[in-house]
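Undergrad:
Protein chains in written order, with this note's numbering: chain A, 1 to 258; chain Y, 259 to 669.
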């Protein structure tokens, strides 16, 4: 039993509806500890090319906010670990932030991650989320000033998402003393630290294990799903679903420290 | 530049504006706000800006009384602010100079920028060349294809033009890509936004640097003994209109009229008009404003013959001034813009940029409804040289085709 939890990131309707369900089932069955389900936005300016492309494909495959909540609901019914819905301000705002929180709760989600609704421009997210018993997860970065970090932590969030470096998702991350000290500063508040950006190997997970509650793996899953779907081709949907399912299982076991 | 003490601004305009960014981008924005306020209160910085305006941009740009056109339509006296005569061909240079000087003050060595039509990219590349700053311009692949002359100029100035292949491959996607770059590069890099939009402090900064256009026009009208009844400007993101209108935002007159891209016509759905109930309030690219969105908040496709007007959002201050009724909004179609462009070329010897020709088209309509004692001023924010590959194809397709074939032969 490893001490470090794994939060696996995925995008509903990427590469299409069926294969995204297959990927989710693979993640649930391989007992990841948390699921981060990203509701795609047309203009994901904080994501790198891997997740950007995947969001575009998900939208082209028919993703809608209503279908996103239905997706979460289905996974929760199937015994998913706690699901955190990640999205951009534009998507939450379009439903109405309070309504979005209500729908998230009804879908069975455990929490919300909306990086571009920071505490001082949150459109009521923190209040509405907490009223619904959802964990609203602030996202901080190593560039966050001590003053702002203190403000973020003042709300006593149960979880804090710590980006391991500045920049966007998907690029490689060098883990060094700086990142680890930053994680320790965030963790000192008592919040459970979810650390992500550029995590793709067991060595990284091992290195982070004493400093975080969970590591978040995003682009690596998107790439694995994409590669499996492509290798199987569009003509054999059942085989493709099988391939996607095993690809995520393989990646989960490759990430888990022995 | 106005010499009043510059006060800290509010980060919002009514319900619009704000700084909706992930924490990673907060430090550079907070740093930028502080540096901007300090610079605006520093006489040395202002003097440097003014000096570049005179010796490099070529300010003041002329205000032309369009006498032939005024006579022909028999309505109001039409004046044209020839902002397109500014060095690099459009108003974009004013803001590029202001921000590039600011970036230098902040110790930044690299500039990134987005561009749609390419005018902002050209202006940014030019001032970076002059000030010795490294320059990288993000530009959608669609825009690169339709604005090749500007790409050539940016590269001639020594800038790197990075094609953007994501999304709709136009201006909004170039903004996304620049934001991605900035999220990891802000220690040495300034993001030089060209439109009056984005997270604060950009809308305030861009308006202040573009206010030179409105201040000059006001003084020139006074010198000509004319009192404006209406000011007209095209609106994409809104940098030329907010600068042009800026001296009058707090007063009740003159009428201020923003002209959006009506594209192929409103019944086709292929347009970029966000005002008059067409746009929805949303949060995109770090600010709250009116955007073309679907019910889920996904950004919709737009169309305009002009690359500079097809952005799906409008600057937050313009959205606010529209909602309280200070600025009226209207539209011009692709065809109306082309017709205005032809008319001003023949009557006045002036070729508008396609973007600005939308303003020209609306100004012609308005002038026709007013008596000869009235005064209407339109901002020709850019000149039309850059559009020759679009306008020639639309206006004289056969002879243009023969010319291009001949060019290919001689290559």
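Beta carbons are placed, not taken as given, at the ideal position from N, Cα and C, and that holds for glycine. Predicted model, so just to flag it, every value in this text is computed and none were measured.
Please work out which residues of its chain come closer than 7 Å, Cβ to Cβ, to residue 446/Y, disregarding the five sequence neighbours upstream and downstream, and give them in chain order.
TA: Your numbering for residue 446/Y matches position 188 in the second chain. Excluding residues within five positions, the ones whose Cβ falls inside 7 Å are 366, 367 and 368.
Undergrad: At what residues does the alpha helix (DSSP H) containing residue 463/Y begin and finish?
TA: Here residue 463/Y corresponds to residue number 205 of the second chain, with the count starting at 1. Looking at the DSSP string, the run of the alpha helix (DSSP H) that includes residue 463/Y is 460 to 481.
Undergrad: Cβ closer than 9 Å: which chain A residues qualify as neighbours of residue 281/Y?
TA: Locating residue 281/Y in the second chain gives position 23, where the first residue counts as 1. Ordered by position in chain A, the residues that pass the 9 Å Cβ test against residue 281/Y are 115, 118, 138, 139, 140, 141, 143, 144, 148, 149, 152 and 163.
Undergrad: As a quick exercise: from 307/Y, 630/Y, 301/Y and 309/Y, pick the residue whose alpha carbon is nearest that of residue 484/Y.
TA: The sequence position of residue 484/Y within the second chain is 226, counting from 1. The shortest Cα separation from residue 484/Y among 307/Y, 630/Y, 301/Y and 309/Y belongs to 630/Y.
Undergrad: So residue 374/Y and residue 428/Y are supposed to be a Cβ contact under 8 Å. How far apart are they, rounded?
TA: Within the second chain, residue 374/Y is the residue found at index 116, counting from 1. Within the second chain, residue 428/Y is the residue found at index 170, counting from 1. Contact holds; Cβ gap of about 6 Å.
Undergrad: So what's residue 143/A in DSSP terms, helix, strand or just coil?
TA: Taking the first residue of the first chain as 1, we reach residue 143/A at position 143. Of the three classes helix, strand and coil, the one that applies to residue 143/A here is coil, per DSSP.
Undergrad: Would you kindly work out how many angstroms separate the C-alpha atoms of residue 623/Y and residue 525/Y, rounded to a whole number?
TA: Along the second chain, one-based indexing puts residue 623/Y at 365. Along the second chain, one-based indexing puts residue 525/Y at 267. Those two C-alpha atoms are separated by around 21 Å.
Undergrad: For residue 463/Y and residue 294/Y, which I take to be in contact (beta-carbon distance under 8 Å), what is that distance rounded to the nearest angstrom?
TA: Counted from its first residue, the second chain places residue 463/Y at position 205. Counted from its first residue, the second chain places residue 294/Y at position 36. Residue 463/Y to residue 294/Y, Cβ: 5 Å. Contact.
Undergrad: Of all the CB atoms in chain Y, is at least one closer than 8 Å to the CB of residue 174/A?
TA: Your numbering for residue 174/A matches position 174 in the first chain. Closer than 8 Å: no.
Undergrad: Excluding the 5 residues flanking residue 105/A on each side, which residues of the same chain have their C-beta closer than 8 Å to its C-beta?
TA: Sequence index remark: in the first chain, residue 105/A carries index 105 (1-based). Within the same chain, residue 105/A has close Cβ partners 132, 133 and 134.
Undergrad: For residue 441/Y and chain A, any beta-carbon pair shorter than 8 Å?
TA: In the second chain, counting from the first residue as 1, residue 441/Y sits at position 183. Cβ-Cβ to chain A under 8 Å: yes for residue 441/Y.
Undergrad: Can you give me the Cβ contacts of residue 670/Y inside the same chain, cut-off strictly under 7 Å, excluding the 5 residues immediately before and after it?
TA: With chain Y covering 259 to 669 only, the question about residue 670/Y has no answer from this structure.
Undergrad: Excluding the 5 residues preceding and the 5 following residue 305/Y in the sequence, name in chain order all residues of the same chain whose CB lies nearer than 7 Å to its CB.
TA: Within the second chain, numbered from 1, the residue matching residue 305/Y stands at position 47. Taken in chain order, the list of residues that qualify is empty.
Undergrad: Pop quiz: residue 73/A and residue 108/A are said to be a contact at Cβ under 8 Å. What is the actual Cβ separation, rounded to whole angstroms?
TA: Here residue 73/A refers to the residue found at position 73 of the first chain. Here residue 108/A refers to the residue found at position 108 of the first chain. Between residue 108/A and residue 73/A the Cβ distance is about 6 Å, and since that is below 8 Å, they are a contact.
Undergrad: Can you tell me whether residue 405/Y is helix, strand or coil according to DSSP?
TA: The count along the second chain starts at 1 and reaches residue 405/Y at position 147. Residue 405/Y: coil per DSSP, three-state reduction.
Undergrad: Which residue wins for smallest C-alpha separation from residue 284/Y, given the options 115/A, 97/A and 229/A?
TA: In the second chain, residue 284/Y corresponds to position 26, counting from 1. The residue with the shortest Cα to Cα distance from residue 284/Y is 115/A.
Undergrad: Tell me whether residue 261/Y sits in a helix, a strand or coil according to DSSP, three-state version.
TA: Along the second chain, read from residue 1 onward, the residue named residue 261/Y stands at position 3. Note that residue 261/Y has pLDDT 47, beneath the 50 cutoff, so the model's placement of it is unreliable and no number is given.
Undergrad: As an exercise, report each continuous beta strand (DSSP E) stretch of at least 3 residues that is fully enclosed by the region 142 to 205 of chain A, in chain order.
TA: Counting only runs of 3 or more, we get 159 to 163 and 192 to 196.
Undergrad: Ordered along the chain, which non-local residues of its own chain (more than five positions away) have a Cβ less than 7 Å from that of residue 197/A?
TA: Counted from its first residue, the first chain places residue 197/A at position 197. Closer than 7 Å at the Cβ level, and outside the excluded window around residue 197/A, lie 163, 164, 165, 169 and 173.
Undergrad: With a 10 Å radius around its C-beta and 16 neighbouring C-beta atoms as the bar for buried, classify residue 659/Y as buried or exposed.
TA: The count along the second chain starts at 1 and reaches residue 659/Y at position 401. When all chains shown are included, residue 659/Y counts as exposed.
Undergrad: Using 8 Å as the Cβ pair cut-off and three pairs as the minimum, do the region 611 to 622 of chain Y and the region 590 to 600 of chain Y touch?
TA: The answer is yes - the region 590 to 600 of chain Y touches the region 611 to 622 of chain Y, with three or more Cβ pairs under 8 Å.
Undergrad: Less than 8 Å separating the beta-carbons of residue 199/A and residue 215/A?
TA: Reading the first chain from its first residue, position 199 is the one you call residue 199/A. Reading the first chain from its first residue, position 215 is the one you call residue 215/A. Result yes, Cβ atoms of residue 199/A and residue 215/A sit closer than 8 Å.
Undergrad: Expressed to the nearest angstrom, what Euclidean distance is found between the alpha-carbon atoms of residue 261/Y and residue 472/Y?
TA: Position 3 of the second chain holds residue 261/Y. Position 214 of the second chain holds residue 472/Y. Caution is warranted here: a pLDDT of 47 is assigned to residue 261/Y, below 50, making its placement in the model unreliable, and the coordinate value is therefore given only provisionally. So the two alpha carbons sit approximately 15 Å from each other.
Undergrad: Tell me the rounded alpha-carbon separation between residue 551/Y and residue 541/Y.
TA: Here residue 551/Y refers to the residue found at position 293 when the second chain is read from its first residue. Here residue 541/Y refers to the residue found at position 283 when the second chain is read from its first residue. For residue 551/Y and residue 541/Y, the distance between alpha carbons rounds to 10 Å.
Undergrad: Is the region 235 to 248 of chain A close to the region 9 to 20 of chain A, with three or more CB pairs under 8 Å?
TA: The region 235 to 248 of chain A, when compared against the region 9 to 20 of chain A, does touch it at the 8 Å Cβ threshold.
Undergrad: Near residue 251/A, which residues of its chain fall below 7 Å by C-beta distance, leaving aside the five closest residues on each side in sequence?
TA: Position 251 of the first chain, counted from the start, is the residue given in the question as residue 251/A. Hits under 7 Å: 220, 221 and 224.
Undergrad: Quick one: what's got a C-beta closer than 6 Å to residue 580/Y's C-beta in the same chain, skipping five residues either side?
TA: The residue you call residue 580/Y lines up with position 322 of the second chain. Excluding positions up to five away in sequence, the list reads 533 and 587.
Undergrad: Going along chain Y, which residues have a C-beta under 9 Å from residue 56/A?
TA: Indexing the first chain from 1 puts residue 56/A at position 56. Here the neighbours are 424 and 425.
Undergrad: Leaving out five residues before and five after residue 97/A in sequence, what residues of the same chain have Cβ atoms less than 7 Å from its Cβ?
TA: Counting from one through the first chain, the residue named residue 97/A turns up at place 97. 123, 124, 125 and 128.
Undergrad: Decide if residue 255/A is buried, meaning its Cβ has at least 16 other Cβ atoms within 10 Å, or exposed.
TA: What you label residue 255/A is simply residue 255 of the first chain in a count that begins at 1. The residue is buried, with at least 16 neighbouring Cβ atoms inside 10 Å.
Undergrad: In whole angstroms, give me the CA-to-CA distance for residue 457/Y and residue 495/Y.
TA: Here the question's residue 457/Y lines up with position 199 in the second chain. Here the question's residue 495/Y lines up with position 237 in the second chain. When rounded, the distance between both Cα atoms is 13 Å.
Undergrad: Work out the CA separation of residue 407/Y and residue 501/Y for me, nearest whole Å.
TA: For the purposes of this step, residue 501/Y is taken as residue 243 along the second chain, with counting starting at 1. For the purposes of this step, residue 407/Y is taken as residue 149 along the second chain, with counting starting at 1. Taking the straight line joining both Cα atoms gives about 26 Å.
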